[in-house]
Structures are given as structure tokens and as C-alpha cells.
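What follows is a single structure, written as C-alpha cells, with notes after it.
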Amino acid sequence: MQSFLSIQHLSKSFGAFTALDDISLNIEQGEFICFLGPSGCGKTTLLRLIAGLESSDQGEIWQSGVNCTKFPPEKRDFGIVFQTYALFPNLTVFDNIGFGLQNQGLSREKVQTTVAKWLETIGLSDAGDKFPCQLSGGQQQRVALARALALSPGLLLLDEPLSALDARVRVKLRETIRSLQKRLGITTIMVTHDQEEAMAMADRIVVMNHGHIEQVGTPREIYQNPASRFVAEFVGAMNFMEAEVNPQNQTMLANQPLALAPQPSRSGKVLLGIRPENLTFGEGITELPVQVETMEFQGTFVRASCNPLGWTSTSAIKVDVPVHQLANLSLHPGCESRLVIQEQHIHVFPAE
Ligand SMILES: Nc1ncnc2c1ncn2[C@@H]1O[C@H](COP(=O)(O)OP(=O)(O)OP(=O)(O)O)[C@@H](O)[C@H]1O
Ligand SMILES: [Mg+2]
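FYI, in the working numbering the residues of the sequence shown are 1317 to 1668.
Here it is, written out as C-alpha cells:
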């Protein structure tokens, strides 16, 4: 079946700098997609190419079965919201939302009822006569969202719409966006560099790095099966430990054999990744001696930072201990203890 949006071998350079390198991606009708990656990885550039605000050097973009690669923005079917509110400062909230509708030549009555409906949807029914400068950042962003949606576009593009807002407003607005998106069933792409935001909102996350796609998957897939060291490190916390694959294809960590599947394609050094919540203190089949350096209270768990004793990791090992288990462990900074490794939680990556 044909995807709603199909991006095929898209590349874009600025002078000698490759901002996007052979990007291919299919997005289905009604999906909420997040482009996630560090600053400068090409998220905004990709979004602008989809909107037609930037032109590609190579590749094609198909929307609803139409090749729109060469279409100018006004011929494409999308609504967009930027990080900075970008409302018309000299127009009221009402006129901001109604602007596109008026331009489309809708009757006054139709514009009135449509804008009133949107004001109610975003919880700003009383604010129609206000100017943008009289609204909070969160309120302005709700208006920008209504303005983008008022023309009932087929595709909603959001470029870091929440990142200028304070934490509480951000969480509230992300719920607003998500429930509105679900109700309308509108295919949505949101750019963010906030992994927590992406995990909470996305049906699928596209993890980007240096102009290419590292992995596409559901939040759970990305978290539980990171396809590369970059993804493992960028999404969630991950400890990395150096291990050795011996000539018998057995993986050795701190001179202990691990019950991992044989690694025939790898030899010599490998990097093992394991998340802090998957490490425990105590006794087990594979134990590693450590010294606890610091312990940080995090609410439901304590994050202990440990130094390996007589073996190597790339940095201090972080271990998340649920608060209810602490009483049995008598841990304190400076104490020596043993970490238990459970093989089913290990991710194997090539060593650098
Ligand atoms: N018009 C331009 N001219 C030259 N270089 C550009 C232009 N637009 C983007 N770039 C470069 O392309 C790279 C990708 O930029 P882009 O804005 O897509 O990054 P981003 O992933 O959105 O980052 P951020 O999270 O900081 O917004 C950056 O290195 C940027 O400097
Ligand atoms: Mg950007």
C-alpha cells in the first residue's frame, strides 16, 4: 500500500556541507512522527524540504500519491508551527486564526464560526480580541497551532513547538497536541531534540545524526533495541563496558565468560551497553566488583555512580536502585560492592 508521505533518497547540501544525505522514509496516514536528534543533525532542514520552504538537491517527496518535490509551499497541503510563535503581532488572536480562511475567500459567517470553534478547542474562547503580546508563550503556541489547523491541512509540521516554553506548560501542551492530533487523525511530524518528549508523544521516532537516519521505530523499539551506539547513548541512559570476543567466539567481560550468543562476525574488542535500571547490586552468575562513588536521590530510585575495580568501562557505571530495595543493600558512597550483569539486558556494539 502507498504511504501517505514518501521521502525517497533525499539529499541537501549547503555549499560543501551535506545537511541531509540520502534520506528515505515512509510515513502512514494518521501517524505522529518525531524527528529526534542533536542540534545541527538536519531535522529542520528535512522538515523545510517537506514543506517546500527549501529545495532538495536530489530525491523525491510524494504526498498522497503526488510527486510534490518541485511544488512551492502554497501548492502543498500542510500547516506548520515554529519554535518561535511567529504570530502576526498586529492582528488579534481571532484574525490570526482566521487569516488563511479569509484568504481562501470564505464568507464572514463561515470564518466567524470556524475561528470560534478553534478558540474553544484550544481553550481560549475569551481571548479572540487580544493581541499576541497579551498572551503567555503557551497561549501563543496554542494560537499558532489553531492557525495551522484552521485550513484542515492533510499534514501538520511542528518544529520544536514546545522548546521555548517552561517545563510545566510544555508537558500540558504536549498532551493538548497529542489528543488533538488523535481526534483529528492528522498525520503529524514534530521536530524535537528532547528524547523524553519524543518518547511520550510519537507513534514512531526517526533518530537522526549528521544528516542521516540512524533508526526508525516505536519509542519502545528505539529504547529496547537501539540499532547503534549513537541511538543507545542519545535515547535514555546507557552504560558502556569494553569486552573481548575470544577466538572461541565467546564474549569475555572482566575475564568472565558471558552467556551471550556467539559473536562470529566480531572479534577482538566489542562494546557492551546496559541500562542503569538493568543493573543490580548483589549476587548472581556474572558479578563485577565496583566501588560506589556517589548516590543521587531521584524520587523513585537512587542513581549510584560506581567505579569498576580491576576492569574497564568507558566511564563511571550508573546503577538505578529502586528506593524500596535500598534498605536491604546498605550502600553508601565509598563502599565496595558487586554488580550483577544479566545477559538478556546486554546490547552488543562494535568497539570504536
Ligand atoms: N540556509 C543554510 N545555509 C547554510 N547552512 C545551513 C542552512 N540551513 C541549515 N544549515 C546547516 O545545516 C545543518 C542542519 O541544520 P538544521 O537546522 O536542519 O539542524 P537541526 O537538526 O534542526 O538543529 P537544531 O536542533 O539546532 O534546530 C546545520 O549544520 C546548519 O548549520
Ligand atoms: Mg532545528
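Every residue gets a Cβ at the ideal spot worked out from N, C-alpha and C, and that includes glycine.
By the three-class DSSP mapping on this structure, what secondary structure does residue i have?
i        : result
Arg-1520 : strand
Lys-1273 : Coverage of the chain is limited to positions 1317 through 1668, which leaves residue 1273 absent and any answer about it impossible.
Gly-1421 : coil
Ile-1366 : helix
Arg-1619 : strand
Lys-1446 : coil
Leu-1595 : coil
Thr-1515 : It should be noted that the sequence gives Met, not Thr, for residue 1515. Correct three-state label for Met-1515: helix.
Thr-1400 : coil
Phe-1665 : strand
Asp-1510 : coil
Phe-1478 : Checking the displayed sequence, the identity of residue 1478 turns out to be Leu instead of Phe. Coil at Leu-1478, not helix or strand.
Leu-1435 : helix
Ile-1413 : helix
Lys-1634 : strand
Gln-1531 : strand
Pro-1573 : strand
Ser-1646 : coil
Thr-1503 : strand
Ser-1441 : helix
Could you pull the start and end residues of the beta strand (DSSP E) that residue i belongs to?
i        : result
Trp-1627 : No beta strand (DSSP E) holds Trp-1627; DSSP gives it neither H nor E.
Glu-1537 : Segment 1535-1540 is the alpha helix (DSSP H) holding Glu-1537; no beta strand (DSSP E) there.
Phe-1556 : 1555-1561
Gly-1375 : 1374-1379
Ile-1657 : 1652-1657
Does the distance from the C-beta atom of residue i to that of residue j stay below 9 Å?
i        : j        : result
Leu-1489 : Pro-1477 : yes
Val-1606 : Ser-1646 : no
Ser-1372 : Thr-1385 : yes
Gly-1375 : Leu-1440 : no
Pro-1448 : Val-1459 : yes
Gln-1456 : Leu-1403 : yes
Cys-1357 : His-1526 : yes
Ile-1657 : Gly-1600 : yes
Leu-1473 : Thr-1508 : no
Gly-1453 : Asp-1482 : yes
Phe-1348 : Ala-1462 : no
Asn-1501 : Gly-1346 : Here residue 1501 is Gly; the residue named in the question, Asn, does not match the sequence. In this structure, Gly-1346 lies closer than 9 Å to Gly-1501 by Cβ.
Pro-1469 : Arg-1545 : no
Glu-1603 : Asn-1623 : no
Ala-1548 : Lys-1634 : no
Leu-1496 : Thr-1437 : yes
Gly-1444 : Leu-1435 : yes
What are the boundary residues of the alpha helix (DSSP H) that includes residue i?
i        : result
Ile-1493 : 1483-1500
Leu-1642 : 1639-1642
Pro-1354 : Taken as a continuous stretch (DSSP letters only), Pro-1354 belongs to no alpha helix (DSSP H), as it is neither H nor E.
Glu-1344 : No alpha helix (DSSP H) holds Glu-1344; DSSP gives it neither H nor E.
Glu-1549 : 1545-1550
Leu-1465 : 1453-1465
In terms of DSSP beta bridges, what is residue i paired with?
i        : result
Glu-1612 : Arg-1619
Gly-1395 : Leu-1472
Gln-1328 : Before going on, a small fix: residue 1328 reads as Lys here, not Gln. According to DSSP, Lys-1328 bridges with Leu-1336.
Thr-1567 : Val-1561
Ser-1371 : Answer is none; Ser-1371 lacks a bridge partner.
Pro-1605 : Arg-1654
Asn-1383 : Trp-1378
Ser-1322 : Asn-1342, Trp-1378
Asn-1525 : His-1528
Legend entry - Under 5 Å, CB to nearest heavy atom of ligand 1: contacting residues: Phe-1330, Ala-1335, Ser-1355, Gly-1356, Cys-1357, Gly-1358, Lys-1359, Thr-1360, Thr-1361, His-1509
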